[in-house]
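Single-structure report; data block below.
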Amino acid sequence: AQSVTQPDIHITVSEGASLELRCNYSYGATPYLFWYVQSPGQGLQLLLKYFSGDTLVQGIKGFEAEFKRSQSSFNLRKPSVHWSDAAEYFCAVAALNSGGYQKVTFGTGTKLQVIP
Amino acid sequence: KAGVTQTPRYLIKTRGQQVTLSCSPISGHRSVSWYQQTPGQGLQFLFEYFSETQRNKGNFPGRFSGRQFSNSRSEMNVSTLELGDSALYLCASSSLSGQETQYFGPGTRLLVL
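Chains as they are written, first to last, in the numbering used here: chain Y, 2 to 117; chain X, 5 to 117.
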């Protein structure tokens, strides 16, 4: 069964500083990988996704992520954080079950605090 | 296109009652998934429906059930509510299943007293 680990529960960065949120996954084959962001009291918004091809994926709001198969990682990065980026970020992996249907597993999330 | 809508947005129930939550997917989407989000357990997959058939199911007791209608709208029902069922219930839709991105609704926040 697939699993996702986000080792950092809470991260604080200064506005304008760079950001990297870690995500490690466990899955036997090539997974489909996602990063979502959730603002307080809201649903999840997709930031970016990786299905195949170029391992560096560009997303919305200036985010990017790099798939590293050798490290089973899919870390999210942003070169310069804005105060509006404060939210909770979830990494997710999707895999096909025996019936060929997608099952999505989410990490526990990383809460990002941005200080002025 | 309108996004995924969920009703109601907030709900307060007492233990032992039952509740029905509704989800309207993005127009043209045929797959609807439900998730429970709590501070302690995070996001947990409940089940997925596609063309009125349940195709995936998470590890939740039988008190949690769902269905999907021919117009792809989905309902989730929880019977005999327990305090631990208090959570944000999120619905997500996608056009197919397998390689498709899920789009999430704002959720229904359920409080069980």
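Every residue, glycine too, gets a C-beta built ideally from N, C-alpha and C.
Bridge partners of Y/His11, per DSSP?
In the first sequence, residue 11 of chain Y corresponds to position 10, counting from 1. The partner list for Y/His11 (beta bridge, DSSP) reads Y/Lys112.
Ignoring anything shorter than 4 residues, give me the alpha helix (DSSP H) runs that lie fully in the segment 38–104 of chain X, in order along the chain.
none
Look at Y/Phe52 and Y/Ala93 and say whether their C-beta atoms are less than 7 Å apart.
Position 51 of the first sequence, counted from the start, is the residue given in the question as residue 52 of chain Y. Position 92 of the first sequence, counted from the start, is the residue given in the question as residue 93 of chain Y. Cβ distance not < 7 Å, so Y/Phe52 and Y/Ala93 don't count as in contact.
Against Y/Gly44, what residues of chain X qualify as contacts under a CB-to-CB distance less than 7 Å, listed in chain order?
For the purposes of this step, residue 44 of chain Y is taken as the residue at position 43 of the first sequence. Result: Leu94, Phe108, Gly109, Pro110, Gly111.
Note down, in chain order, each residue of its chain lying with its Cβ closer than 6 Å to the Cβ of Y/Ser81, except the 5 sequence neighbours on either side.
Within the first sequence, the letter at position 80 stands for residue 81 of chain Y. Within the same chain, Y/Ser81 has close Cβ partners Gly17.
For the beta strand (DSSP E) holding Y/Tyr28, just list the boundary residues, first then last.
In the first sequence, counting from the first residue as 1, residue 28 of chain Y sits at position 27. Neither: Y/Tyr28 is in no beta strand (DSSP E) and is coded neither H nor E.
Measuring CB to CB, does X/Arg34 end up less than 7 Å from X/Ser76?
Taking the second sequence and counting its residues from 1, the one referred to as residue 34 of chain X is at position 30. Taking the second sequence and counting its residues from 1, the one referred to as residue 76 of chain X is at position 72. Contact flag set, yes.
Using the beta-carbon of each residue, which ones in chain Y are nearer than 7 Å to X/Leu47?
Within the second sequence, numbered from 1, the residue matching residue 47 of chain X stands at position 43. Those are Phe91, Phe107, listed as they occur along chain Y.
Would Y/Ala95 and Y/Val115 qualify as a contact pair, given that the criterion is a beta-carbon distance under 7 Å?
Along the first sequence, one-based indexing puts residue 95 of chain Y at 94. Along the first sequence, one-based indexing puts residue 115 of chain Y at 114. It is not a contact, given that the beta carbons lie outside the stated cut-off.
Beta-carbon separation of Y/Glu21 and Y/Arg78 under 7 Å?
Along the first sequence, read from residue 1 onward, the residue named residue 21 of chain Y stands at position 20. Along the first sequence, read from residue 1 onward, the residue named residue 78 of chain Y stands at position 77. The answer is yes: Cβ separation under 7 Å.
Endpoints, beta strand (DSSP E) assigned at X/Leu117
Counting from one through the second sequence, the residue named residue 117 of chain X turns up at place 113. No beta strand (DSSP E) contains X/Leu117, which DSSP labels as neither H nor E.
Contact check, Y/Glu65 vs Y/Gln72, beta carbons under 7 Å:
Numbered from 1 along the first sequence, position 64 holds the residue referred to as residue 65 of chain Y. Numbered from 1 along the first sequence, position 71 holds the residue referred to as residue 72 of chain Y. Contact flag unset, no.
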